[in-house]
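For the sequence shown, our numbering assigns the number 324 to the initial residue and increments by one for each residue that follows.
Beta carbons are placed, not taken as given, at the ideal position from N, Cα and C, and that holds for glycine.
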Amino acid sequence: MALSLKFKLVDKMFLDHAYNRAIRDHFLVQSSLAHIVLDNMAMIDDEKLNIHNLLRNFLTEPLSMEKIDADTTVKLLQNRMTHELEAKNKDGPTAALWIQYFYMVSIAKDYISAERCGDWNGHLKCVARIIPYFHASGHTLYAKSSHIYLQDMLNLKDIFTSEEHQKFIEDGFFTMRRCNIYWSGTWSDMLIEQTLMRQMKSSGGLTREQGVSKE
Numbered sequence: 324m325a326l327s328l329k330f331k332l333v334d335k336m337f338l339d340h341a342y343n344r345a346i347r348d349h350f351l352v353q354s355s356l357a358h359i360v361l362d363n364m365a366m367i368d369d370e371k372l373n374i375h376n377l378l379r380n381f382l383t384e385p386l387s388m389e390k391i392d393a394d395t396t397v398k399l400l401q402n403r404m405t406h407e408l409e410a411k412n413k414d415g416p417t418a419a420l421w422i423q424y425f426y427m428v429s430i431a432k433d434y435i436s437a438e439r440c441g442d443w444n445g446h447l448k449c450v451a452r453i454i455p456y457f458h459a460s461g462h463t464l465y466a467k468s469s470h471i472y473l474q475d476m477l478n479l480k481d482i483f484t485s486e487e488h489q490k491f492i493e494d495g496f497f498t499m500r501r502c503n504i505y506w507s508g509t510w511s512d513m514l515i516e517q518t519l520m521r522q523m524k525s526s527g528g529l530t531r532e533q534g535v536s537k538e
């Protein structure tokens, strides 16, 4: 990470600052690990050709995640990658630590993807996968809150009407959007920070004035 950032920024990143840089660098490190693992995976020419054909026109005709996940070659490579990671996990404590890190970054990727795409079920799966890490790192309040949140969200089908259930869960209305682009979902707290809080903190806003009237 220090190669792509200044050394001082790395320290800030681990203190929960420089969020965008932190996410980018974690993704870069995971990509490097994936490259090492993939070097040990032999791909035959037919598999390479199938992947090439699948992604050839991706910029002009993007594929849906359902079509990509249903592709037999993609499924085969996913299974092979999983077996390779499990094998690497047995190479020693250092390798096991890197594999654990690999899976943690994968959870972060899936969580961001679920929010951006409005995938409610994927969102809940990621919350369930994150909880053990909260316990392991001593963040008991986060773990407790996540347990309660997950239980409540799984019971929404008994609270919502059929129309509300369709919009919130199946149509992806649980996330907020500023446009109709597929990858445009935004966390509610992030959107509040970008709009309401930004206006309040700007020049002439609520927090930079001497006071506010009751009117």
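Could you compute how far the alpha carbon of residue i sits from the alpha carbon of residue j?
i	j	result
Asn503	Phe381	19 Å
Glu389	Arg452	22 Å
Ser511	Met404	34 Å
Ala459	Gly445	22 Å
Ile454	Leu372	39 Å
Met427	Asn412	14 Å
Ser436	His375	23 Å
Lys537	Leu519	Summary for Lys537: the model assigns pLDDT 43, below 50, so the residue's position carries little reliability; its value from the coordinates is reported in the next sentence. If I take the Cα positions, the gap works out to 19 Å.
Thr484	Met366	49 Å
Tyr465	Ala345	21 Å
Gln401	Ser429	13 Å
Asp433	Val450	10 Å
Leu377	Asp481	40 Å
Asp368	Leu386	22 Å
Arg500	Glu384	22 Å
According to the neighbour-count rule (16 or more other Cβ atoms, all chains shown, within 10 Å of its Cβ), is residue i buried or exposed?
i	result
Gly495	buried
Trp443	buried
Glu438	buried
Ala393	exposed
Gln517	exposed
Thr498	buried
Ile492	buried
Gly461	exposed
Mind reading off the beta-carbon distance from residue i to residue j? Whole number of angstroms is fine, and I expect it under 8 Å.
i	j	result
Trp421	Leu361	That pair is no contact at about 15 Å.
Gly409	Met364	First, the amino acid is wrong: residue 409 is Glu here, not Gly. The pair is not a contact, with the Cβ atoms about 13 Å apart (cut-off 8 Å).
Cys440	Tyr505	7 Å
Gln353	Phe457	Their Cβ separation, rounded to whole angstroms, is 21 Å, which puts Gln353 and Phe457 out of contact at 8 Å.
Leu477	Leu447	7 Å
Assuming contact is defined by CB atoms lying nearer than 8 Å, are residue i and residue j in contact in what I supplied?
i	j	result
His358	Ala431	no
query: So, do the region 464–474 and the region 401–421 have three or more beta carbon pairs nearer to each other than 8 Å?
result: no
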